[in-house]
Structures are given as C-alpha cells and as structure tokens.
Amino acid sequence: MTAKEIRVILFDLGGVVLESPIKGLMEYGKKMGSIPWNLNKVMGGSQAWKRLERGEIVVGEYYEELENEIKASGEPVPEEFSPRALLAVVSASLKFRVEMIDAIHALKRNGYTVAALTNNWKQSEDFETRFHHSGLFSLFHKVFESSQLGMRKPEARIYRHVLQELQVRPEQTVFLDDMGVNLKAAKQLGINTIKVPYQSGGVAQALYELQDILQLSLKTGRLTGNIAESIAQSWIHYWKHMPNDVSKLFAEDAFYQDPTVPDGLLGMEEISSHIAVSMRTSFPDTRTITPTENGFILEWKNEVKSSSREVFVIDSNNQITRYLAIGSLFEPSSKL
Numbered sequence: 001m002t003a004k005e006i007r008v009i010l011f012d013l014g015g016v017v018l019e020s021p022i023k024g025l026m027e028y029g030k031k032m033g034s035i036p037w038n039l040n041k042v043m044g045g046s047q048a049w050k051r052l053e054r055g056e057i058v059v060g061e062y063y064e065e066l067e068n069e070i071k072a073s074g075e076p077v078p079e080e081f082s083p084r085a086l087l088a089v090v091s092a093s094l095k096f097r098v099e100m101i102d103a104i105h106a107l108k109r110n111g112y113t114v115a116a117l118t119n120n121w122k123q124s125e126d127f128e129t130r131f132h133h134s135g136l137f138s139l140f141h142k143v144f145e146s147s148q149l150g151m152r153k154p155e156a157r158i159y160r161h162v163l164q165e166l167q168v169r170p171e172q173t174v175f176l177d178d179m180g181v182n183l184k185a186a187k188q189l190g191i192n193t194i195k196v197p198y199q200s201g202g203v204a205q206a207l208y209e210l211q212d213i214l215q216l217s218l219k220t221g222r223l224t225g226n227i228a229e230s231i232a233q234s235w236i237h238y239w240k241h242m243p244n245d246v247s248k249l250f251a252e253d254a255f256y257q258d259p260t261v262p263d264g265l266l267g268m269e270e271i272s273s274h275i276a277v278s279m280r281t282s283f284p285d286t287r288t289i290t291p292t293e294n295g296f297i298l299e300w301k302n303e304v305k306s307s308s309r310e311v312f313v314i315d316s317n318n319q320i321t322r323y324l325a326i327g328s329l330f331e332p333s334s335k336l
C-alpha cells in the first residue's frame with residue numbers, strides 16, 4: 001500500500017469523530033457497583049444490543065429484551081441498573097472532537113472521499129435530532145448506518161457493502177475505529193486500519209498515523225504567536241461595539257469561507273462544542289485577521305499548562321466566558 005493508492009478515509013463516529021462513551025460507562029458501572037464485564041456484556045455482548053444496532057428492534061423494545069436477557073442469564077445485576085440510563089450515558093458522551101473535524105476538512109480539500117461507518121439505532125432522538133441538525137452527517141460524502149443497513153460492525157458483510165457502494169478496493173481504504181474487534185474484521189478483508197484509543201492523546205496518535213500513511217499534513221492554521229499580542233491590545237474596544245453572539249459570527253464567517261461548513265451550525269444556541277470547527281475554516285494559514293476579528297479572540301497564554309494552544313472568548317470584565325478551541329495535535333502557526 002502506498003499513499004497514492006488511498007482514495008477513501010472511513011471514520012467511525014462514536015469514539016472517533018465524537019467523544020468516546022467508555023469513560024462515562026465506566027463511571028456508570030462504578031455507581032452501580034458492578035464489575036466491568038457486566039457492562040461489556042450488556043453493551044456489546046447481548047443479543048438485544050446487536051439487534052438494536054441492526055435496526056431489528058427500536059429503543060423501547062431493546063429495554064425490554066435486555067432486561068429479559070439479563071434475567072435469563074442469571075448474572076447478578078445491581079437493582080439500580082437501568083437500560084434506559086445506560087443508553088443515556090452513551091448519548092450524553094457524543095460530542096465533537098475538534099481535531100477530527102479539522103482532519104476531515106483537510107482530507108476533503110485534498111480530494112479524498114470521506115465516509116462514516118457507524119453502529120447506531122433507530123428512533124434515537126439524540127442522533128436523529130441532535131446530530132442530523134448539527135451538521136455531523138453533512139461532513140461526509142457518505143454515511144453508512146448499521147440500523148439502516150440491517151448489519152453491523154464487525155460483520156464482514158457491512159464492510160463489503162461499504163466498499164461496493166464507494167466503488168473502492170480494500171487496499172484503497174483507511175478505516176479509523178476505537179474498537180479492536182471492528183478493526184480486526186476490516187483488516188482481514190484487506191482494509192488499512194487505525195485504532196483510536198480512548199485514553200488521553202489517542203486522537204493525536206491516530207491522526208499522526210493517518211498523516212504517515214497518506215504522507216499528508218493535516219495541520220491547520222490557528223490564532224497564536226504574534227497575532228495573540230495584538231489581540232490582547234484590541235479586544236476590549238471591539239467587544240463593546242459588536243454582538244455578543246460571538247459563536248454565530250464565526251460560524252457565519254466560516255460558512256462563507258468554506259462551503260463544507262454545514263448550515264446546521266448557524267444560529268445554534270449550544271454552539272460552543274462546534275465553534276472551533278468554524279474557527280479553523282475561518283482562519284486558514286493564508287488569511288489575514290482583521291482588527292474586528294481580533295476583538296473577539298485571545299490566546300490566554302498564561303493559562304496554558306502544556307504545549308497546546310488554547311483560544312477563548314472573554315467578556316468586558318476580562319473573564320473567560322467561553323472555551324473555544326484546543327490544539328494539542330497541531331503545531332502553532334504565526335502565518336495568520
């Protein structure tokens with residue numbers, strides 16, 4: 001396999017493009033007093049879970065089937081355990097990973113087909129409403145959902161279906177997932193695989209590996225260096241004379257700079273988890289920041305405890321009011 005052969009980058013969603021639910025599940029398990037294998041069986045090993053992800057049953061039926069399955073197994077389960085609460089933990093953890101969104105935009109700009117392959121379920125208000133309208137699916141050229149296809153990872157047939165739909169050979173594809181069992185099945189078919197560990201630094205590790213495979217830099221411009229000094233001098237004046245909805249300003253700006261930024265980002269009240277995506281698109285290496293834009297952004301350098309670069313919005317009382325972005329993966333750029 002050479003970099004020139006790769007045509008498709010295939011992303012899992014939860015645990016890759018979105019935050020991993022594993023930490024939340026571990027915390028939930030501790031509260032229940034259950035040992036880890038109980039949750040592993042409930043989430044991945046149960047027939048009810050597999051049927052849910054294949055779209056054979058809906059969420060309400062899953063709750064009932066799982067409870068019956070647990071009772072039939074005779075395994076000890078805490079009285080406080082609730083399938084509904086367990087699914088809520090998974091849904092609550094699904095927040096955008098800024099670095100992955102950056103990488104997706106970079107891959108698309110460089111001509112790669114970017115697709116998603118996710119195990120999900122039908123009638124999930126969280127996915128159907130939250131992510132469809134936030135623009136998650138519109139980031140990709142194609143999204144493959146297990147609940148719509150009637151097959152799930154790690155079944156070999158779902159990978160074959162994806163390859164056929166995208167008209168690509170296994171060796172022309174790179175697949176990123178956080179589950180070893182899913183990657184193993186893909187690798188057996190000849191697909192190039194990258195594991196995204198849930199531990200701290202896992203995203204950076206995976207993206208570095210992707211960069212090596214593609215021989216392509218996925219770094220993007222950001223607000224650092226000398227620009228931060230001018231920002232510190234000018235932000236107060238402009239803050240007083242511009243709208244408070246800073247996130248909407250940047251989202252709109254990003255939309256006109258790069259059409260790949262989804263319409264769904266515009267005007268969202270809870271934009272903070274998406275704003276870094278807009279900022280990366282708004283401020284590529286080749287663009288000069290205007291004084292007005294300087295008025296909204298400040299790199300709070302004294303608060304940075306590592307080699308990462310953090311960007312915040314601050315109010316008229318010099319207080320941090322909104323966390324915007326962190327760039328632990330990307331090298332600082334002063335080209336702005």
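Each residue of the sequence shown is one higher than the one before, counting from 1 in our numbering.
Yeah, the Cβ is synthetic: ideal placement off N, Cα and C, and Gly gets one too.
Item to check | Option nearest tryptophan 65 by Cα separation, candidates Gly202, Leu52, Pro76 | outcome: In the sequence shown, counting from the first residue as 1, residue 65 sits at position 65. Reading off the sequence shown, one finds glutamate at residue 65, where the question assumed tryptophan. Nearest of Gly202, Leu52, Pro76 to glutamate 65, Cα basis: Leu52.
Item to check | Burial state of alanine 339, where buried means 16 or more other Cβ atoms lie within 10 Å | outcome: The question about residue 339 has no answer here: the residues shown for the chain are numbered 1 through 336.
Item to check | lysine 122, buried or exposed, once every other Cβ within 10 Å from all chains shown has been counted against 16 | outcome: Taking the first residue of the sequence shown as position 1, residue 122 is located at position 122. Label assigned to lysine 122: buried.
Item to check | Reduced DSSP category for isoleucine 6 - H, G, I as helix; E, B as strand; rest coil | outcome: Numbered from 1 along the sequence shown, position 6 holds the residue referred to as residue 6. Reduced to three states, the DSSP call for isoleucine 6 is coil.
Item to check | Beta bridge counterpart(s) of lysine 142 as assigned by DSSP | outcome: Start at 1 with the first residue of the sequence shown, and residue 142 comes out as number 142. Lysine 142 is bridged to Ala115.
Checklist entry - Are valine 203 and valine 8 touching if we call contact CB-CB under 8 Å? => result Taking the first residue of the sequence shown as position 1, residue 203 is located at position 203. Taking the first residue of the sequence shown as position 1, residue 8 is located at position 8. It is not a contact, given that the beta carbons lie outside the stated cut-off.
Item to check | Span of the beta strand (DSSP E) around lysine 195 | outcome: Here residue 195 is taken as the residue at index 195 of the sequence shown, counted from 1. Looking at the DSSP string, the run of the beta strand (DSSP E) that includes lysine 195 is 192-195.
Checklist entry - Beta-carbon separation of leucine 183 and phenylalanine 175 under 8 Å? => result Here the question's residue 183 lines up with position 183 in the sequence shown. Here the question's residue 175 lines up with position 175 in the sequence shown. Their beta carbons are under 8 Å apart, which means leucine 183 touches phenylalanine 175 by this criterion.
Next on the checklist: Using a Cβ-Cβ cutoff of less than 7 Å, which residues in the same chain neighbour asparagine 110 once the five nearest sequence positions on both sides are dropped?
Outcome noted: On the sequence shown, residue 110 is found 110 positions in, with the first residue counted as 1. Around asparagine 110: Leu216.
Checklist entry - Do valine 90 and alanine 116 have their C-beta atoms closer together than 8 Å? => result Mapped onto the sequence shown, residue 90 falls at position 90. Mapped onto the sequence shown, residue 116 falls at position 116. Against a cut-off of 8 Å, the Cβ pair of alanine 116 and valine 90 comes out as no contact.
Checklist entry - Hey, glutamate 69 and glutamate 171: beta-carbon distance below 8 Å or not? => result As a position in the sequence shown, residue 69 is number 69, starting the count at 1. As a position in the sequence shown, residue 171 is number 171, starting the count at 1. No, they are not a contact pair.
Next on the checklist: Please return the same chain residues whose Cβ sits closer than 7 Å to the Cβ of methionine 32, not counting the five positions on each side in sequence.
Outcome noted: The sequence position of residue 32 within the sequence shown is 32, counting from 1. Same-chain partners within the cutoff: Pro78, Glu80, Phe81.
Checklist entry - Among residues of its own chain, excluding the 5 on either side of methionine 151, which ones have a beta-carbon nearer than 8 Å to its beta-carbon? => result Here residue 151 corresponds to residue number 151 of the sequence shown, with the count starting at 1. Excluding sequence neighbours, methionine 151 sits near Arg54, Arg157, Ile158, His161.
Next on the checklist: Could you give the first and the last residue of the continuous beta strand (DSSP E) run that contains valine 77?
Outcome noted: What you label residue 77 is simply residue 77 of the sequence shown in a count that begins at 1. No beta strand (DSSP E) holds valine 77; DSSP gives it neither H nor E.
Checklist entry - Among Ile104, Glu67, Glu155, which has the Cα closest to the Cα of leucine 136? => result Along the sequence shown, one-based indexing puts residue 136 at 136. The shortest Cα separation from leucine 136 among Ile104, Glu67, Glu155 belongs to Ile104.
Checklist entry - With a CB to CB cut of under 7 Å and the five nearest residues on each side skipped, what residues in its chain are close to leucine 214? => result In the sequence shown, residue 214 corresponds to position 214, counting from 1. Same-chain partners within the cutoff: Ala3, Ile6.
Checklist entry - Which of helix, strand or coil does DSSP assign to tyrosine 90? => result The residue labelled residue 90 in the question sits at position 90 within the sequence shown. Looking at the sequence shown, residue 90 is not tyrosine but valine. Helix.
Checklist entry - Nearest to isoleucine 191 by alpha carbon, out of Ser200, Asp177, Tyr198? => result As a working mapping, residue 191 is identified with position 191 in the sequence shown. Among Ser200, Asp177, Tyr198, the Cα nearest to that of isoleucine 191 is on Asp177.
Checklist entry - Does the distance from the C-beta atom of isoleucine 194 to that of leucine 218 stay below 8 Å? => result Here residue 194 refers to the residue found at position 194 of the sequence shown. Here residue 218 refers to the residue found at position 218 of the sequence shown. In this structure, leucine 218 does not lie closer than 8 Å to isoleucine 194 by Cβ.
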